[in-house]
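Following: one structure in structure tokens, then a few remarks.
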Amino acid sequence: MKNTKWIAAIVAVLGIVVVVVYVALDNRLQHDPAQELPRPVRTMRNLIPLPGNNTGLSTSLSAFSSDTRLGTFSAVVIDTTTGETVFSQLPTAPLRPASATKALTAAAALYQLDAQQQIETTVYLVDKHTAVIKATGDVWLTHERLSELAQQLPPGIDEVLVDTSAWADYPSFAVGWDEADIDAGYIAPMEPIMLYGGRIGETSGDAPRSHTPAFAVAEELAALIGATKVGPGVAPADAEPVASTLSPPLIERITMMMVDSDNVMAEAIGRESAANSVNVLATQGFAVGETSVVDYSGLSVDNVVTAQLLAEIMHRAATESTLRPLLSTLPVAGGNGTLAQRYLDVDSRGYVRAKTGTLTQTSALAGIVQAKNEHVYAIGLISNDSDILSARAALDEFATTIYDFLA
Numbered sequence: 446m447k448n449t450k451w452i453a454a455i456v457a458v459l460g461i462v463v464v465v466v467y468v469a470l471d472n473r474l475q476h477d478p479a480q481e482l483p484r485p486v487r488t489m490r491n492l493i494p495l496p497g498n499n500t501g502l503s504t505s506l507s508a509f510s511s512d513t514r515l516g517t518f519s520a521v522v523i524d525t526t527t528g529e530t531v532f533s534q535l536p537t538a539p540l541r542p543a544s545a546t547k548a549l550t551a552a553a554a555l556y557q558l559d560a561q562q563q564i565e566t567t568v569y570l571v572d573k574h575t576a577v578i579k580a581t582g583d584v585w586l587t588h589e590r591l592s593e594l595a596q597q598l599p600p601g602i603d604e605v606l607v608d609t610s611a612w613a614d615y616p617s618f619a620v621g622w623d624e625a626d627i628d629a630g631y632i633a634p635m636e637p638i639m640l641y642g643g644r645i646g647e648t649s650g651d652a653p654r655s656h657t658p659a660f661a662v663a664e665e666l667a668a669l670i671g672a673t674k675v676g677p678g679v680a681p682a683d684a685e686p687v688a689s690t691l692s693p694p695l696i697e698r699i700t701m702m703m704v705d706s707d708n709v710m711a712e713a714i715g716r717e718s719a720a721n722s723v724n725v726l727a728t729q730g731f732a733v734g735e736t737s738v739v740d741y742s743g744l745s746v747d748n749v750v751t752a753q754l755l756a757e758i759m760h761r762a763a764t765e766s767t768l769r770p771l772l773s774t775l776p777v778a779g780g781n782g783t784l785a786q787r788y789l790d791v792d793s794r795g796y797v798r799a800k801t802g803t804l805t806q807t808s809a810l811a812g813i814v815q816a817k818n819e820h821v822y823a824i825g826l827i828s829n830d831s832d833i834l835s836a837r838a839a840l841d842e843f844a845t846t847i848y849d850f851l852a
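First residue of the sequence shown? That's 446 in our numbering, and the numbers climb one at a time after it.
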């Protein structure tokens, strides 16, 4: 009797399960077979710029030839779409370029180095109480990265030395620089390691710079680890590496240098390339003419560059893969860097990207302009023997004239 009841109970439970499963299956969404869609045919078309009457543009730009605001004016404009030189005035005249020199430095670096290259700074242990920072060119050091170095060091170090021999073949202060520019924040004695480019009390901008930037790094590291002695030194070949840090990639460092026109960064990148910028460009087939530079930043008054070379660098950047990254490093009109406060009230805002140059009686602009006719124009413009603000306004009007061209 008991077995009969158990069997009946089991049958009842199984019946319920069957019903539940049936209901669940019956309540599923029912779909028709998926519709077969025709495979799309991929089509591509090139964006074709509007036909441009560059003769008309040349005529419009010729009005600037006699603009007294520009003093001695050298200019070259190249249509990168067609390769045609649209406007040319004193194209090979060697004039002071100011910070437009940095375009040469950046281009040479991109030809010489990998865009993702980083600089490694290593700290070596000479003995259990002495560490040596082997400086190799990183002027982009930050408090955070220096703290990371300190955290990697073993306890007990009481002396921090800094080895600056990496740049022994380079002058720490170039011909044509003014020592007053150190306190003005434009440059520092070039030593192969600096905290925030040698700035004192600030991390950016034209803050006063240290007269002994490498020593300042050693002092900062010593303070972090409680060391009491600081000085110059040499890392022995058999010393033990105990800490290291990496700089940002080259392309990021070039961008920082170009956007804010940082002279210390430019000098460091030039030394990293380990070559004369003009020689590198000549090897790459550029017509350098009478171009001659004594530094990498353009701070020296002894530099001379041609507008032809500046325009050709930008032309190559717009048309060749090796220099293509250069375009993204250029300040944007009315947007950032040294062009942030220019082009604010004109419709060319955002359509001009260029490296600026400013020294006494010197203004320059080297970059590209995307015109309304959808052509991209490379420009190299240098004004000497002129009032800075007046010449700057005229150069901006020149670039805007290119942007506005539609015919």
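All C-beta atoms in this analysis are idealised placements derived from N, C-alpha and C, irrespective of residue type, glycine included.
- If the five residues before and after T587 are omitted, its C-beta is found closer than 8 Å to the C-beta atoms of L640, Y641, T648, all from its own chain and listed in chain order.
- For Q557, the enclosing alpha helix (DSSP H) covers residues 546-557.
- In terms of Cα proximity to T567, the closest of T575, V584, K579 is K579.
- In this structure the region 554-573 does not lie against the region 526-536, because fewer than three pairs of beta carbons, one per stretch, are closer than 8 Å.
- Counting only runs of 4+ residues, the alpha helix (DSSP H) found wholly inside the region 577-613 occupies 588-597, in chain order.
- For the pair of segments examined, the region 737-748 was found to touch the region 711-729: the number of CB pairs separated by less than 8 Å reaches three.
- Two segments are said to touch when three or more pairs of C-beta atoms, one from each, lie closer than 8 Å; by this definition the region 560-574 does not touch the region 718-725.
- Within the same chain, and ignoring the five residues on either side of D792 in sequence, the residues whose Cβ sits closer than 8 Å to its Cβ are T845, Y848, D849.
- By the beta-carbon neighbour count (other beta carbons within 10 angstroms, threshold 16), A659 is buried.
- The shortest CA-to-CA distance from Y631 to any of A652, A611, I645 is the one to A652.
- Distance from the CA of T500 to the CA of V584, rounded to the nearest whole angstrom, comes to 47 Å.
- In this structure, G825 keeps its C-beta atom at 8 Å or more from the C-beta atom of A762.
- Contact between G646 and S655 is ruled out by a C-beta separation of about 10 Å, above the 8 Å threshold.
- If you check the CB distance, G802 and V777 do not come in under 8 Å.
- Per the C-alpha coordinates, the member of Q597, A633, T526, L558 positioned closest to A661 is A633.
- Between V605 and L695, the C-beta gap is not smaller than 8 Å, which leaves the two residues out of contact.
- The distance from the Cβ of A543 to that of T783 is about 11 Å, inconsistent with a contact at the 8 Å cut-off.
- With 16 or more other Cβ atoms inside 10 Å of its own Cβ, T546 counts as buried.
- The residues F509, S828, S831, A836, A839, in chain order, have a CB closer than 7 Å to that of L515 in the same chain once the five nearest residues on each side in sequence are set aside.
- Between I602 and A680, the gap from beta carbon to beta carbon reaches 8 Å or more.
- In the structure shown, T767 adopts coil according to DSSP, grouped into three states.
- Along the length of the region 745-812, whole beta strand (DSSP E) runs at least 3 residues long occupy 797-804, reported in chain order.
- A direct Cα-to-Cα measurement between A682 and D614 gives close to 20 Å.
- Check the Cα spacing between A668 and each of L591, W622, G715, P637: the tightest is with L591.
- At a Cβ-Cβ threshold of 8 Å, V821 and T527 do not count as neighbours.
- When C-alpha distances from T537 are compared across L754, E664, T728, the shortest belongs to L754.
- Within a 10 Å sphere around the beta-carbon of E765 sit fewer than 16 other beta-carbons, which makes this residue exposed.
- With a cutoff of 8 Å on beta-carbon distance, L834 and V746 are scored as not near each other.
- For A752, the closest C-alpha among the options T736, D707, L744 is that of T736.
- Excluding five sequence positions before and after S617, the CB atoms of its chain that fall closer than 8 Å to its own CB belong to P634, M635, E636, given in chain order.
- The alpha-carbon separation between Q815 and Q562 amounts to approximately 31 Å.
- In this structure, T690 and L594 form a Cβ contact; the two beta carbons are roughly 5 Å apart against a cut-off of 8 Å.
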